[in-house]
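**Q** Okay, here's the structure, questions in a sec.
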Amino acid sequence: GKYGGYGSSNKYSNPKQQSRLKPLSYPSPNHYGNLRNKKLNKEKERKLAELKREKEKVQKLRKQQQNLQKKLNKHEFNRQSKHEKLAIRQNMLKGRFVKHVSIPDGTELAPGDAFVKTWRFRNEGNLSWPAACYLLFISKRRGDMMTNTEKVFLGKVVGPGEEVEVSVNMVAPQPPGHYVGFWRMCSPTGRKFGQRVWVKINVVCSSSSEEMVEEPTNDCVDDGDFNDCVDVAPNDCVDGAMDVAVNDPLPDCSDPMVDVVEHQEACDEFDDPY
């Protein structure tokens, strides 16, 4: 009992058992400070993430606001009244074609013939045409141009309601055919206005048969039985019985291989050899 014998109440009276006991550990002075710092850091990270989300929302709203403003501006522009649009159009140059002064449509010309095409225009707007306005060739086919210049300047101011004539020196192309060239009036800045105009010509080759035409003469045709005098034109062929007259058509200018001399040789076959 009292001295460590049997029945002793001291549980750890054995020195070996006492050496196995671990001493109590107390938290260091910085332990609670570290816990507090960790908690503060987590709170800070949470607030930073929340601020980042709010910033993204604000940027998204600003972008939506900008897109909405663009739509509103476009809508306001489209809501302009007819009077406002009319006022804008009244500040533009206007012109109207009056008539062809020279070389009407379908004029026939020989290859290489020089001619002057003239149009008449009227100022239909409220603004005067500057002297730097010009007539511009706008056809895609260069063969229809028939001139060396693409622009013909007015050279004078044309007031509202006034008329002006514009002339272009041209030369008919060499190949026969139908030619159409389109032109249009332009402002000094190159903006087209008014109606487009054109020049239409037909290039035909000169008929060489005109050189062979002579005055009718009195020829006597002898068929062996009797003599009779008739009026025979150079293009008429008469056989011995005087009952057939051959009139060949004039050569076609579209076929350059046709020779007018063949027409005369066909008639010479029926001439009286005596």
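262 is the number that full-length UniProt numbering gives to position 262 of the sequence shown; each next residue is one higher, with no gaps. Every residue, glycine too, gets a C-beta built ideally from N, C-alpha and C. As the structure is a computational prediction, the values presented were derived from the model and not from experiment.
#1: State buried or exposed for Tyr68, treating a residue as buried only when at least 16 other CB atoms are found within 10 Å of its CB.
#2: Look at the alpha carbon of Met145 and the alpha carbon of Pro111, and state the distance between them as a whole number of angstroms.
#3: Could you compute how far the alpha carbon of residue 277 sits from the alpha carbon of Leu93?
#4: Tell me which residues share the same chain as Ser128 and place their Cβ nearer than 8 Å to its Cβ, disregarding the 5 neighbours each side in the sequence.
#5: Under the three-state reduction of DSSP, which class applies to Leu68: helix, strand or coil?
#6: Applying the 10 Å Cβ sphere with the 16-neighbour rule, what's the burial state of Ala172?
#7: On a CA-only basis, which of Ile201, Met185, Asn202 and His75 is nearest Gly194? Give me that one, please.
#8: So, with DSSP's three-state summary, where would you put Val221?
#9: Ile201 to Asn148, Cα distance in whole Å?
#10: Output needed for Ile138: all residues of its chain with C-beta closer than 7 Å, excluding positions within five of it in sequence on either side, in chain order.
#11: For Asn73 and Phe121, I'd like the C-alpha separation in whole angstroms.
#12: Just to check my reading of the structure: Phe153 and Ala132 have Cβ atoms closer than 8 Å, yes? What is that Cβ distance to the nearest angstrom?
#13: Around the C-beta of Lys199, are 16 or more other C-beta atoms found within 10 angstroms, so that it is buried, or is it exposed?
#14: Report the option in Asn126, Tyr179 and Arg96 whose CA atom is closest to the CA atom of Leu109.
#15: Over what stretch of residues does the beta strand (DSSP E) that includes Ala114 continue unbroken?
#16: What is the DSSP secondary structure of Leu61, reduced to helix, strand or coil?
#17: Determine the burial state of Lys117: buried for a count of at least 16 other Cβ atoms within 10 Å of its Cβ, exposed for fewer.
#18: Taking the Cβ atom as the reference point for each residue, do Glu162 and Asn123 lie within a distance shorter than 8 Å?
#19: Which first and last residues belong to the beta strand (DSSP E) in which Glu163 is found?
#20: CB Pro188 to CB Pro104, shorter than 8 Å?
#21: Could you check what DSSP says for Arg141 in three-state terms: helix, strand or coil?
#22: Can you tell me where the beta strand (DSSP E) with Thr189 in it begins and where it stops?
#23: Under three-state DSSP, which class holds Ser128?
#24: Which residues in the same chain have their Cβ closer than 8 Å to the Cβ of Gly95, if we skip the five residues on either side of it in sequence?
#25: Grouping DSSP H, G and I as helix and E and B as strand, with all else coil, what is Gly177?
#26: Please classify Asp228 as buried or exposed, where buried requires at least 16 other C-beta atoms within 10 Å of its C-beta.
**A** Taking the structure as given:
#1: Checking the sequence, you will find Leu at residue 68 rather than Tyr. Burial call: exposed.
#2: 15 Å
#3: An answer regarding residue 277 cannot be provided, because it is not within the stretch 1 to 274 covered by the chain.
#4: Val157, Val158, Gly159 and Pro160
#5: helix
#6: buried
#7: Met185
#8: Model confidence at Val221 stands at a pLDDT of 40, short of 50, so the residue's coordinates are unreliable; what they give is reported in the following sentence. Strand at Val221.
#9: 17 Å
#10: Phe182, Trp183, Arg184 and Arg196
#11: 40 Å
#12: 7 Å
#13: First, the amino acid is wrong: residue 199 is Val here, not Lys. That one is buried.
#14: Tyr179
#15: Ala114 to Asn123
#16: helix
#17: buried
#18: yes
#19: Glu163 to Val171
#20: no
#21: coil
#22: No beta strand (DSSP E) holds Thr189; DSSP gives it neither H nor E.
#23: coil
#24: Phe121, Arg122, Asn123, Glu124, Gly125, Trp129, Met185, Phe193, Gly194 and Gln195
#25: strand
#26: Residue confidence for Asp228 is low, a pLDDT of 41 falling below 50, so the modelled location carries little weight; the figure read from the coordinates is stated next. Counting Cβ neighbours within 10 Å, Asp228 comes out exposed, since fewer than 16 surround it.
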